[in-house]
Each structure stands twice: as structure tokens, then as C-alpha cells.
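Residue numbers (my numbering), protein chains in the order written: chain A, 2 to 583; chain B, 432 to 754; chain C, 132 to 424; chain D, 2 to 340. Virtual Cβ for every residue (Gly too), placed ideally from N, Cα, C. Worksheet: the structure to be examined is printed underneath.
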Amino acid sequence: MFDASRRAVLGGLAGAAFWPDELARMRPALAQGAPKRIVGALEEDPPVICPPMTSIISSFGSGCAVYGALTWVDRQGDIHPELAERWEVSPDGKTYTFYLRKNVVWHDGAPFTSADVKFSFENITAKLHPWGRGAFKALESVDASDPHVAVLRLSTPSPAVLKAVNNAISAIVPKHLWEGTDFIKNPLTKKPIGTGPFKLVEYIQGDRIRYEKNEKYYIPGQPAFDELVLRIIPDAAARVAAFEKGEVDMLYNNSMPFTEIERIRKFPGVEIRDSNVSGSAFLGIINMKGKPYDDVRVRQALAHGINRGFIRDNVMPGFSQNQIGPLPPSMSLANKDLKDYAYDPKRANELLDAAGYPRKADGTRFEFRLLWAANDIRITKMADVIRQNLSDVGITTSLQPLERAALNQKGYISEQFDMIIDSYAQGPDPDIGTERLYISTNIFNPPRVFTNNSSYINPEVDRLFEEQRRQIDPAKRKEIYDKIQVILWEAVAVLPILAYSGVGAFRATVMSDAFNSADASKDSFARVTLPAATGAALAAGPEAGNGKTIGYTAAGAAVVAAGAWWLWRRKSRRDDGLDETA
Amino acid sequence: MLGGLGLLILRRLALGVPLVLIIIVLTFALVRLAPGDPALLLAGDAPTPEFLAQVRAEYDLDKPLQQQLLTYLLHAVQGNLGTSIYFGQPVTRLILQYFPVTLLLTTLAMFSASVLGILLGVIAADRRDTATDAIVGGASLLGFSIPIFWLGQLLVLLFAVTLDILPAGGWSSARVTYYGFDYVLDVAQHLILPVTTLMLFETAMITRFTRAAMIEALGKDYVTVAYAKGATHSRVLWRHALANALTTSVTVIGLEFGVLLAGAVVTEIIYGLPGLGRLFFDSIFRRDFQLMTGCFIFASTAVVIVNIITDIVVAVLDPRVGR
Amino acid sequence: MAESSAALPESAALGAGTPTRRHRSFAHNASTWVGLGLLGIPLLAALCAPLLTGADPMALSPQTLRAPALAHLMGTDDLGRDVFSRVLYGGRVSLIVGLTSALIAITIGTAVGMVAGYFEGRTDEVLMRITEIFQIIPRFLLAIVVVALLGGGIVKVIVVIGVLGWVGTARVVRAQLLVLRREEFVLAATLGGASAWRILTRHILPNVVPFIIVSAALQTGGAILTESFLSFLGLGDPSRPSWGLLLQQAQLYLQQAWWMSTFPGLALSMTILGLNLVGDGLASKFGARKIAR
Amino acid sequence: MTETAPSRTDAKALLAIEGLVVEFASAQGETFRASDGVSLTVAAGEVVAIVGESGSGKSVTARAILRLVPHPGRVRAGKIMFQGRDLLRMPREQVRELRGRDIAMVFQDPMTSLNPVLRVGAQIGEAIALHARLSASAIGARVLDLLRRVGIPATAERAHSFPHEYSGGMRQRAMIAMGVANSPALLIADEPTTALDVTIQDQIITLMRDLNRASGTAILLITHNVALVASLCTRVLVMYAGRIVEEGPTEEIFLSPQHPYTWSLLRSVPRVDTKDKKRLLAIKGQPPNPRDLPPGCKFEPRCPFAIARCRASEPALETVGAGHAARCFVMMKNAEAPA
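Okay, structure coming up:
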């Protein structure tokens, strides 16, 4: 059924059929009532639909409804059972035992066992997932002797593990379909098979992704909806228009244009959920390899030269906080007495002169290549502010918005950048989200996406990270982390622009208690329910179908015809004279 | 008589083929002109070594320029426009996958623009120098001047969001999946605004040229002869004069198809339609140059074909041409 | 006998539209004056921008999304920048791009048209085939490819639009050349032993100038529109925002801050409308039919 | 000040124009009269010629009959009685029915009279179809018959071809076929031979004479070629500056022209029919500018015999013989003939 390629069969409009899937639609209208369906929107064609292996937001948005994980984290940060019914942690903190549900099957019918958990953790989560590497650095092995019990054995205690066994980091892949394949090129990254509440049935590139309810989902009565459709609307204005008009029921994370939140909040029946459990923030990754950014004074000058306060107030008013230091404010381990780099162009100029980059004849010092994901209008606005701020201190900014895949290629991998601004989740524990950006072991050749892309190497910091991991006493761990933050904040290899909470807006008249997960894009829509009132409304569907529109179009055509007739009937210039003149 | 027409078609095709070849050579030259190593351009910025070598081999990038050109031409002529780095699929297959949407959009737009354009052109010519002529003239000038991307957004704002009578975008309803004729109706409903946005510029263009051609035709002797034969005013206008003016209108339609494709790119972005225009636009920021140049060659070929078709139609309409 | 296929039939492109009726000239004078008026306002405003507003179009300020008021005649945008000064300085960019690329297009077009029209025969045939090719190639798509491959920036955009836009002028100039060549004063000059260059520049060019002006007006309108398209697609020069870029940035605020999109949109449409009207009015006065852009 | 000629609506006149005035308004607002009080009659079956230099208003007068005065001309006064009904006051639909059925017209330039994109047969067929409910095949047969009557060979294949595949002469024949398609009572020929070379001219004239004799169609021939008039027409009217300056039977006009303009016209044409060889005479001066005509006789500035009175007022049409009248105070019979 699922087939991304489409053969073009073009008939007249009356008989138009374009894709094989469309051909299927040509069958006579089915008798069953309109399926209960949620419609969402993504801001880009997801390069891959594979939460187990990547941390790209659109990959989560399109994949979290398909893949399941051992547990899920709610907005308050509490952990709930999913594939694992319950779990125990050994006193020495090195063994985690998960008792798996018995009645779970993959979408293709194969049974779900601990072997899948072992395969996923050892081969994918711990090796490939940008956050998984940090969270499961200490993972030695997974014992899958009992098909319904998965035991994680760690070399050293790792407090972050419990917060990392959810679909943000360790979604479980079917071993029988992935074993022995080249994970990067595996077609399953675009046609996922998982244990989640929805099955992906149709992906028309550039148009929409359609999911159908997983009949064999292990929790009876879930999901409450028959179908989920994610439309792909790159144009932010078009997305908001679709949401305002009721064609789309929800917008979340990158598909939500923050500049419009105040207006969206007032739409009838719209509820907004936000949470900063995952410690999301826009980080400016500075490439320390090339001149002049290898000099700490230049980086500090950048920190002083960019008016981060103005950005917070204008790009995401109401949902952004200042992040001072490498850890987001929402995290308990954050060092509260770090001093912020205040917006001080004069100080920035002094630092740049001291660093040996005086203003040239034309008043400029050097170029600053700023890259970001083109369709994220929040960063586009930040870039505009940064270009203006830096031009005041003599730095000419070359703005380079790139599509996600091109950004990964040209930016992260081939390192043709001075700063990349991207959205990073730094939580729920710094071992997962923050450590990976600074430890020298996380630098690869050829470079990989979302790693230590600023090439910051400091053996002292590496040692401290190792030491804090071994601490059982949280106070001792905090003390070491405070020291780490002082060093990193002074080196400012990564300049946090602002921390923000993930926001999801949905139409309460269509669905209720959505986006309870730690991050809106991680919601599997399993727990979303039908509000009582909408049962009938949904059947009719907010769009009143074609009747109304045909009427309007006919009326429009009538008006045009009347206009033309009036133009025609008006006394022809020819008729006023007595004679018929050529 | 058919012999003449058949001959004409052959001659036009013969003229069309070199045009397409020249376009391919032009694209080839452009890629070579771009800064940086063409191999990197074609293989993407950070290709795996094997993929880079594969691209170098495929396009003989280390061989002398003429050889490269020959290989590029041979590839293009066989329909192999390279592989898209982003999609990992052959460009030609992708184009054929996305082209139906653009074809339908542009055909509908051009058809309605022609009908409305000719209608208004004739009315304006018949009533030249009166209020009607001024109204039509003014409207067509507006049609030229309003950038369609702004117009598109305003139309969405007005009809979709405020009046809520037309969908805001997309190809078909995501809310309910329609089947059979309802599906066609649903798609039609989604195309009303995009087609209106796209057709405005063309309608203005066709109106102006049709009006000019009609005024010229109405001044000719055979119109007076038609009146002398007792023909009614509308018969003179719609049969005798329009028959001559149509050749100009049809030629304009052919020439304007290239501009229409440009409009299609913008319209598909505003309305989120998965057409060739969107594919072409996305390939720019994805730096997927093989896909981009492939789309460009395909679009140019489509324009050449459309012009051949219009030439043939003109030859049918005007017996003096091409015999 | 085969007419050159893709070209507009000569009659439509030639001066066949001499106003047979004298009282029409008033109508076309009016459109020229209205055109000049519409064009004049944005042109003058852009030229003397520093006099009209002290605000720096790029300066950020905390007063974001403020409605038009005395302090900010056209309100402020999402980053607190003054829309009025951005429209004026944006106008400068749009007009510079429009005029310069039109200039390039005119020069090439006139040269090609003169040579093709004057020498006829082989040269005319070859040049006309080249014109035909340029007329068919989708100019805007080619502009996108060139800007994407060779990088954006004002100069590149101007050159690209200019080099792709000369076809209209070439056709008109050639059409006039075919007529003027047979005029007595040209024959007389040839008999007088004048060189082809002298004849072309001293005798023929002055007569062709009116048609070039008409073509220039229409080319500029087209060039400004093309530049606004490129900016809308994000291929414009972000450091020098033109009207097109302002419109693109205002996309998200159509309802929230209508002034962010309305004023640049009006300015853009007004200028192009003005240019078209002027081109139209002059075209009727000189009897040159509307030229295909 | 125009006084209208005495109205002579005798019963048997097929067409009677009385005091026709057609005015043209120029952009600057001033108007001039192409036809200034023209009156003439054409009897059934009669062949009448209107002769005059170009710009004398003869063509406009002819077109006014079918109410086809070119823009911005307007008929200001006068009556055009045709079969007892005034065409100028007739509602448009009835005029339309009359055109092509009762009154037909052949135009000057055959190259542009036929619609270049429609087949010749179709254009002739249209003339029939506009006025008669006939099946396509019946119309087709009539068309072939018409083409044969006007002397176009291989009619079937010819009817199917396009105007540009016809020679000038054949196109004019087709136009005549179109004109006589519904055997009209009156055929107006507006300078039918001007655009043709001499040999073809003669064929066309012969064709028209045969048609007149065969079907009794009255012909109103508009021409500036005096020679044609002699061989075809029974009566001649001479027009100068928008008014009739002399009218009468052909022989009388040719033998004893009374109005100096007619006389000069005849003297400027080589005569084969008379023995005495006189030097050809060119009329001095320029043709009259309708915008500023002299007060008196309009021909006065170019008239070799002009007297004071001619300048003062305009003479009326005076009868000088049976059906022969001229608008001159002097008249040729009183003036001494120059060398």
C-alpha cells in the first residue's frame, strides 16, 4: 500500500488521477463514516523518519507516533511505563532491570522481545544517537536471556539512564528487520516499522504523511483516533493560515511560528502546552578550528557583541529564558552564580582590538559565516539581529540559510562555518545533552552532526566530566559540574542564544490532553482523547465538505458572468451612431 | 493541405531540437562557471569518497572539456539528468513524479487566462476609447503590476482565512479523504486560489495583445466587406476579426509559458502544492544541483514543446503561415 | 515563406498601431502623465530618502510591531525597524536594480537589433535565431539557477536580469531598422559615402530612440518585478533589503502588522504600474505596439 | 449654406438620394463635409457612374447608402430612398437584412477585401447563408455556380482554397460573385478596377456589363477613370468637393460637357473615339481642401473660365438639356473654347 513513487496519469480535470494512491481513491466512496482523524503539520520533508538514530525535530514529529520506547516522560518530568511495565535499579546503580509487557507486537506482526531491546541499545542508541552516546557511555551490555526482561549492565553508575530510556533517545527498532543492514542507508529510515500507536501508510513527498491506527496496540482503547495526517507546509504563513482555518489541528515545536503565538493563543478553542523539561535552547556553535575564532577573546567579543536580551524579547516573547553558561536554567545542576556576558559593544571592540584584529580601512575586521536551518524563522530573525549587532563592532556577517540536509553537509560535516545556530535539547540530564558538546572524545573524522562540532579540546574538562559521573552523592556531582561550567563559560566555545520551552498548540474542540510529553514533538498521540463534545462535530468535520464551496464558486462565476454580460449589453460605441461603421 | 501542415510540424520540431540542446549546453556551462570544483557541486558538499569518485567517473570530470560536454549531452538526451543527492533517486524519476501537479496547475491557469484574456480583449477592442475599454485596460495594467506572491497571500487571507470559503492550501483535503468524483471536486476546490493567482498576469498579457490585434483586424477592409454582406456586428467581431486576431493571442500564450512556469514556482510555495516548482525551489537551498539543473532543463524543454504546439496552432489558424 | 515561428508576428510587434484616430492621443497623454505621477512618487521618495526620514533602516529598536503613527509614519517591523525608511531605502535598491539591469538589457538589445536590422541577410538570420532562443528560455528560472550557482548579491542579480532581458528591445529596434533602412535620408547618406557606423549612430539611432525609451520603461518594470520574485524566494541580498525582501519578511505578519506588507507592496505595484503606464503612453504616441517583455 | 437640389423622386427610381450631408469631425473639433447636399437617382437596371477625383466624397456617398460610413463620419442630413423606404431612418436590423440581399457592394482593393484566414468558398457561401435558410450542400452548389458565372475555372478545388492562393483579378471576380450571390437589385462598385492592371480591368467591366444585362441588376459605379464610364454606364454624375457639379446621359456629357470641371476631366484623358487630336490638358491648382472651401463655386480657384460671380456665390444645378444639368454660371457652351 505504501509507495512513495507516483506514476503520472493525467486526464481532463473531470477524470484527473495522478498517483497510484490517487488511483486507489478513485474507487466509489466507501460507506463508512468519515474516519476520526487528527491533522498536524511539519515544516519540512523529514530527511529521515527515525527517532532511534537522529535528533532532528521533524524526524521526531514524524516518527514518535510509530516507534515505542521503554518509558515516556511527561511535562513535569515524571517517568511513566510504556514498553516496560516496571523497572528496578540495583543499589550500586550499575544494573537496571526492565520487566517488559507481554502482549506487544511489531506493526508487521512479529512479537516484541528483549532481544529487540538488546539489539537497539547496543547497536543504535549507544552508538549512533547523538544523545544516546552520552547517556549510555557506561553501557557494557544488555542481558536478554528472558524474552520479557531486559537487564542493562553499566560499567559505572549513570544517573542519566532512567531519564534516557524514552522515545527521545532510545526508541526500540525491530531486530528482525534491522540486523545486518547498513543502518544509514536502510530504507526503513523512511518507511518505519515500530510498536507505536500508529502505522505509517502513505508518504507523498512534499505533501503529507498519513498514519493509520495500530489495531494491535497493547493498550486497549488507545489511540482514540483512527488516522493521523501530517501535512508538509514549509511556508510558515501558510501553516498558520491552515491552523487558523481549521484545516490543521495542531502546531508544535519548529512547525509553530513563535512570532504568531500571541495571535494563535486567541484562536477559538485553542490550548497551548509548553514544557522546558528537555532543556531546549538555541545554541551558537562556534567553529574554533579556523582563525580568528580560535582566539578566546574573539569568542568573548562575540558574546558581548550580540544583544541576546533583544533577541529574547522579540523572537520568542514569553517562552524564552536567558541561559547563562552551558546548562539551561531549568536544570538543577545549573551554576547560578555565573556572570552573563552583558551586551557591551565597547567591550567587544576592545577585545577584538586586543586580539589583534583592528578595523581595516573600510571599518570592517573580518567575516563571520553564520549558518542555520532556512525554514526556522526564529533563527532567521536572530540572524538579522546578529548581523546588525556585529556590523556595529566591525564584523561583516555572511548569512547562509540552508535546508536541513545541506546544513548538516556544508555546516557540521564539512565545517564551512564560523557559527551554526541550531536548536539543541540539553536535558533532561547534562550527561545526555551538554557533555557531548564539549568532551574531546566526541570529535569525529569525518565530523558527525550534533557532536563536539566546535572542536573544543580541554583535557581538564574531559577529566572533570569523568569524575562527576562516578559520584553517587548528588551534592558532590553538583560541585564538580559547577567547576566545569566556570571553565566552559570562560572559553565560550558554544554561545547559548536563548533557552526556550517546547510549545504545542492544539484545537481543544478536536482533541484533548495532547502534548503531555516532555517535548511536544515526542508525543506519540497514543494518549490523546476525543473530547466528548467533538464526537459529532468531527464526523461533520470542520470543513463543511464541498457543498458550501460549490455554492460559492457558482456564485462567483455568476458574478463574473453578470459583469461580462453588463459590459456587453452596455450600448456599444458602435450603436450610438446612426450607421454601422467599420 | 495536410502535407503543408505535416511539413511545418517537422520543420518546427527540427527547430526545437537544437533549442533544447543549446539549453543543455548552457546549463553545462553554468555549472562549470560556478565557483569551486564541479564534482563537489554535483556530488554535494561532503560526499563520501566513493560517491565523489562515482560522480567524477560518471561525468568524465577529469577528461577535457569537450569530452565532458559530450558525455553530459549524451546523458541528458537519454533522459538521464543525474541523481538527486537529497532524495537519492534519479532526477528524471523525481521530475515525472512531481510534474503532474505543475502541469495541471499551469494548463488550468493558461486555459482560463486565454479564455478570459481573449474575451476581455475582444470586448475592449469593440468598445475602444470608452469607459469599458478604460476599465479593462486599467485592470490588465494592474494584472501586470501586482507581484503575484503578494497577491497570493492576500487571496489566502481574504478567501481562506477571513471568508473561510476556500481551503488555504495543499493539494487535497487532509481532513477527509474523498473518493471518486468527490476527490476530483476536492482537488478542484484546492486549485481555485492557486490558479487564480497564477493566471492573473497571463490574462492581462493576453487581453492587451488580443485587444491590439483586434483593433488592427477591425480596421481592415474585409471587415467592411463583412458588414456589406449583411453580417451582424457580433458575427463580424467574433468570426471575421477574431479569426485573424487569434494568431497573435496564441503566439503570446506560447511565449508567455516560460513566465507562467516562473509564477508556478511561487504559487506552489505559497499554496504548498507538491509540484515541480517546489521541487526546483527546495533543490536550491538543499544545494542539490543535479536536481536543480535537471528541473531547469525539463522546464525549458516543456517551454520549447509548448511553443512548437502554439506554432502549429497558429499555422492551422492562419493559412498563410508555414505553407 | 515560413514566418519565424516563435517570434511575435511582425505586425503585432511593429508600429502597426499608429493611432488612426486623432482624439485618442489625449487618452494616451493621460496615461503617460498618470504613469509619471505613479512612478514619480516612489522614485522621488527613494532619491531624497535622507531628507524625508532620519531613521536608519537597519537600526533595531525595542518598539516592535508598532502601528503607523507620527513617530513612525509606516509603523515598525518585527525587530523594531522603521518601515518608512526601509521602504524608501528598499525603493533605492529596487529602482537601482531595475534601472541598471534595464540599461544593460537596452544596450544589448539595441546593439543586436541595429546590427540584425541593418545588415540583414546572414547576420540577421543568426541574430534572430539567438533572439528566439533567449525568448523561449524561461528567464526567471535561469535567473534562479545562475544566482543559486554563482551566489546572490546585488551586482550578480543586476547582471543576470540585464543579460536575460534584451530580447524585447532587440525585436522592436530591428523592426524599426527594417523600416528606416529604406528611408530616403538613409539612402542619401549611404550615397554620400558615410560608413555603416556613421549611418547607424548619426542617422538611424536618433529615430530609434523613442522606441528604446518605451522599451526601457517596460524593461525596468519587468526587472523590478523579477528582482522582487528573487527576493521573495530568499535569493535576494539580505544586507540590502529591496521591496521584495521586505514583502518576504512581512509574510508572517499579514494580519498582525498589516503595515509591514502593505506599504512595500503598494510601493512596488505603484512603481511597476507607473512604468507600464509611461511605457504604454509613449508607445501609443510613437505608434510602437506593446512590446513583449 | 447649401441649398438642396429640386427633389425628383419619380416613382420608377430604384434609389433616390436627396440632400445627403455626411460630416467628419477631426480631433481638433472642427468638422468638414465629405458629402454636401448630394442628390442622385438610379433606376432599376440602370448603370450609373459617379466620377470625380479622390477626396471628392463619391466613395463616402456610396458607403452612406449601406450606412457604412467610416469612423468618425456621421450622416447629418438627407434621405436615401430605396424601393420607397428611407434607409437612414430604417432600424438597424432591417438595414442589416437589406445589405447583401437587396444592395451589394464590391470594394476597391481585392487583396484586402477577402478575409485572409477563411476559405473563399466559405466567404461567398456566408453571403448566401446570411439571408437564406439553405442546407450546406445547397449553398455549396450555389457557390460553385456563382464562381462559374464570374469566370473562375476549376471551381470545386478553387472554392476550397484561401485568398492568398488567388490572383488579384480572380479575387475581384470572387468579390463580384459574393456581391451578386443574392441577385441584389443594386450593386455598388466602389472603384472596382483601380487596383487591377488594364487587361484585368477590361475583363471585370465586361463581366459587370454581362451581369447587368443578364439579371437586370442596377449598378452604381464609383470611379475616377472616365474611360470606363463610356463603355459601361448610361448616366454619369460628376462630383467635385462633395457635391454634384454635372449629371446627364453619358453621350451628352462626353460630347458636350457643360461644367468646366467635367470638360477639363475629359480633356485630361487620351481620346480614341474622336478624331481631332487635342493636346492633353492638366487641371491647374490643387484638389479642394474640404476644411476650407471657397465661398462661391468650389471649382472657381481652378476654373479657367471663372467670372466675378463665380467667386460670390455657388451656382445651383441648372438643366441644360434632357436630363442634363450642371452647376455653373457660365456653362461651356457660352465660354469660348481655349486653344
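Reduced DSSP secondary structure (H/G/I, E/B, other) of residue i
i	result
Y503 of chain B	helix
L15 of chain D	strand
H81 of chain A	strand
R670 of chain B	helix
V331 of chain D	coil
L514 of chain B	According to the sequence as given, residue 514 of chain B is Thr; it is not Leu. Strand at T514 of chain B.
R102 of chain D	coil
V1 of chain A	Here chain A covers residues 2 to 583 and nothing more, so residue 1 of chain A does not appear.
P316 of chain D	coil
Inter-residue spacing [alpha-carbon to alpha-carbon] between residue i and residue j
i	j	result
L115 of chain C	L322 of chain C	Shown here, chain C extends from 132 to 424; a query on residue 115 of chain C therefore has no answer.
E633 of chain B	I684 of chain B	8 Å
L201 of chain A	P235 of chain A	21 Å
Q472 of chain A	T157 of chain A	10 Å
V681 of chain B	S545 of chain B	8 Å
E272 of chain A	V40 of chain A	16 Å
G30 of chain D	P291 of chain D	14 Å
L282 of chain D	R268 of chain D	5 Å
S60 of chain D	P337 of chain C	40 Å
E83 of chain A	N168 of chain A	10 Å
L231 of chain A	A348 of chain C	47 Å
I51 of chain D	R559 of chain B	34 Å
S455 of chain A	A274 of chain C	36 Å
M112 of chain D	V121 of chain D	12 Å
A765 of chain B	V747 of chain B	Within the shown structure, residues of chain B are numbered from 432 to 754, placing residue 765 of chain B beyond reach of any answer.
Beta bridge counterpart(s) of residue i as assigned by DSSP
i	result
G74 of chain D	D:F25
R34 of chain D	D:E24
Y97 of chain A	A:V90 and A:L153
I285 of chain C	Answer by DSSP bridge pairing: none, since I285 of chain C is not bridged.
E47 of chain D	E47 of chain D is not bridged to any residue.
V107 of chain D	D:A190
Within 9 Å, strictly: CB atoms of residue i and residue j
i	j	result
L529 of chain B	L707 of chain B	One point to set straight first is that residue 529 of chain B is Tyr, not Leu, in the sequence displayed. In this structure, L707 of chain B lies closer than 9 Å to Y529 of chain B by Cβ.
Q380 of chain C	D213 of chain C	no
L21 of chain D	G101 of chain D	no
M257 of chain A	M512 of chain A	no
A215 of chain D	L15 of chain D	no
A177 of chain C	Y220 of chain C	yes
V567 of chain B	T638 of chain B	yes
R63 of chain D	I206 of chain D	The sequence shown places Ala at residue 63 of chain D, rather than the Arg named in the question. For A63 of chain D and I206 of chain D, no; Cβs fall outside 9 Å.
S281 of chain A	Q486 of chain A	no
Q324 of chain A	A500 of chain A	yes
N350 of chain A	G395 of chain A	yes
Integer-rounded CB distance, given that residue j should sit under 8 Å from residue i
i	j	result
G222 of chain C	P188 of chain C	Not quite, the Cβ-Cβ distance comes to about 11 Å (not below 8 Å), so this is no contact.
V152 of chain A	V143 of chain A	7 Å
Proximity test, residue i beta-carbon vs the ligand MN heavy atom, cut-off 8 Å
i	result
D250 of chain A	The model depicted lacks the ligand MN and carries no ligand whatsoever.
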